[in-house]
Amino acid sequence: MMRNRIIGSREALENFQFVTINGRVLFNEKERVVRIARAYSQVVKSAIKPLFNGKSIDELTKEFYNFLPNYIYLETALKQAKTIVDGLLDREEENKIFHAKIRKFWFGSRGNKADKGNRNVKFHVFQDHVEVKVKDPWGKWVYGKAYFGKEYLQLLHELEELVSNKVEGYGALISFKEKPMIHLQIPLWLYLKHFSSPKPNGYGLFAGFDLNSDRLNVVINKGGEIIAIKTFLYSDVTRPGFPKGKAMALRLNALSQALSFLSRIGVDYVVFEDLFLVKRRKFTTSKSGNRKITRFAKKQLLIHGVIKALRLGFNVVLVNPKGTTNSEDHEKVMREKGFDRHTASAYLIALKGLGMLNDIK
């Protein structure tokens, strides 16, 4: 049996340290929790402009402490605001900035094993639910009952033991989109321990994925030779007015189908572009093409693909996207092999994965 692992840049690996699980939560004093969320969300909104203008998180921590008197909440809020600002800069096009609109309210607290998991959000596992307590910056703890699903209780019980011994930490977020929800960040290794299925060794095959807004292309490769090519289409999702949630569901379903197919034919390594190395989206002269780009959550699809692949027992390789599209090599592959641009990209991604693994060996 092979042991699954992930190979990629340091930045990419940092984004795959945890997996988020979600549960419904009922608080005894909901109004106190809502107060935290409103203050937290206001900090995020208010910090965007000064961060954009160059102020540091340390400076803003002092400015906002009286408004949200809890350093961990405050630090987490300011880091989320910084992420939003970085996203705006990444989407900069011809000196024009996409405006951030924050309509929801929520709050989060980063994890720390020294704080026995998390300083502000604690949990205890019971037989049919999870007791949650949340630190109120203006008062005592607020208690609630969370329901994650029975399949997660054993995992959470083990995490509870780990945090009590200061071995692991976990991030936590409380949201209020339709009803109160709790989102816990579980260490990836622990999640895979409970939810991955062992995979027999395959034939050393590499599968390169080219993820697109309307299709998914896969090229299976061994030692540079093409074994198979497969395309999964979901072109309806790019129509104007197509529901965003339904579009993502169709894309995720296609990705799951592709991984199941690869598992059956003996692929050992799946290769994706390392999107965490991409600092800006590339826009085109096509309005419809730009609509596809702005509505397509490619990193979200990548994260789902990586976690799903690890659960199925694959090794995952994340390669630098440079040269896989709109390059001399890309044009050469299309010309010599007769591939369309998406298949050519998938082929180059597979070759990069093979080369990256050979460099490591």
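Using this note's numbering, the letters of the sequence shown correspond one by one to residues 1 to 361.
For each residue, glycine too, the CB sits at the ideal point set by N, CA and C.
Whole angstroms is fine: what's the gap from residue i's alpha carbon to residue j's?
i	j	result
Asn165	Tyr147	24 Å
Val132	Leu51	33 Å
Gln257	Arg264	11 Å
Thr20	Lys145	18 Å
Ser286	Leu88	With a pLDDT of only 45 at Ser286, under the threshold of 50, the placement of this residue in the model should not be trusted; the figure read from the coordinates follows. Computed Cα separation, rounded: 21 Å.
Lys140	Thr343	58 Å
Glu158	Val25	20 Å
Gly338	Val237	27 Å
Arg32	Asp136	7 Å
Phe64	Lys45	12 Å
Leu155	Arg251	28 Å
Leu153	Gly204	36 Å
Lys150	Phe126	11 Å
Arg335	Arg215	21 Å
Val167	Asn118	12 Å
Ser327	Asp340	14 Å
Leu60	Ala47	7 Å
Arg281	Thr325	Only weak support exists for where Arg281 lies, its pLDDT of 48 falling under 50; the value from the coordinates is given anyway. For Arg281 and Thr325, the distance between alpha carbons rounds to 13 Å.
Ser235	Thr83	31 Å
Arg35	His183	18 Å
Leu190	Phe16	12 Å
Lys116	Lys122	9 Å
Ser260	Asn253	11 Å
Val219	Ile226	7 Å
Ile307	His194	13 Å
Since residue i sits in a beta bridge, which residues does DSSP pair it with?
i	result
Ala146	Val25, Val130
Tyr269	Phe206, Asn315
Phe123	Val132
Phe18	Pro187
Glu168	None; Glu168 has no bridge partner.
Ser175	Trp106, Met181
Taking the beta carbon of residue i as the centre, do at least 16 other beta carbons fall within 10 Å, making it buried, or is it exposed?
i	result
Ser41	buried
Ala249	exposed
Glu94	Only weak support exists for where Glu94 lies, its pLDDT of 43 falling under 50; the value from the coordinates is given anyway. Looking at its Cβ environment, which holds fewer than 16 other Cβ atoms inside 10 Å, Glu94 is exposed.
Ala39	buried
Asn212	buried
Gly23	buried
His198	One detail in the question is off: residue 198 reads as Pro in this sequence, not His. Per the 10 Å Cβ criterion, exposed.
Ser56	exposed
Pro200	exposed
Arg110	buried
Ala114	exposed
Asp210	buried
Tyr170	buried
Pro180	buried
Phe242	exposed
Gln300	exposed
Ser288	For Ser288, the pLDDT reaches just 44, beneath the cut-off of 50, and the residue's location in the model is therefore unreliable, although a value from the coordinates is still provided. Under this definition Ser288 is an exposed residue.
Phe67	exposed
To the nearest whole angstrom, what separates the beta carbons of residue i and residue j, a pair I think is in contact under 8 Å?
i	j	result
Gly208	Val271	5 Å
Ile174	Ala81	In fact, because the Cβ distance is near 17 Å, the residues do not count as touching under 8 Å.
Leu369	Gly323	Nothing about residue 369 can be reported from this structure: the residues present for the chain run from 1 to 361 only.
Gly217	Ala346	Checking the sequence shown, residue 217 turns out to be Asn, not Gly. The pair is a contact, with the Cβ atoms about 4 Å apart (cut-off 8 Å).
Gly8	Val317	7 Å
Gly305	Phe206	Not quite, the Cβ-Cβ distance comes to about 15 Å (not below 8 Å), so this is no contact.
Given a cut-off of 8 Å on the beta-carbon distance, is the pair residue i and residue j in contact?
i	j	result
Asn221	Ala309	no
Leu188	Phe18	yes
Glu273	Pro321	yes
Leu277	Glu14	no
Glu160	His124	yes
Tyr73	Phe105	no
Tyr269	Leu357	yes
Arg5	Leu192	no
Val142	Val134	yes
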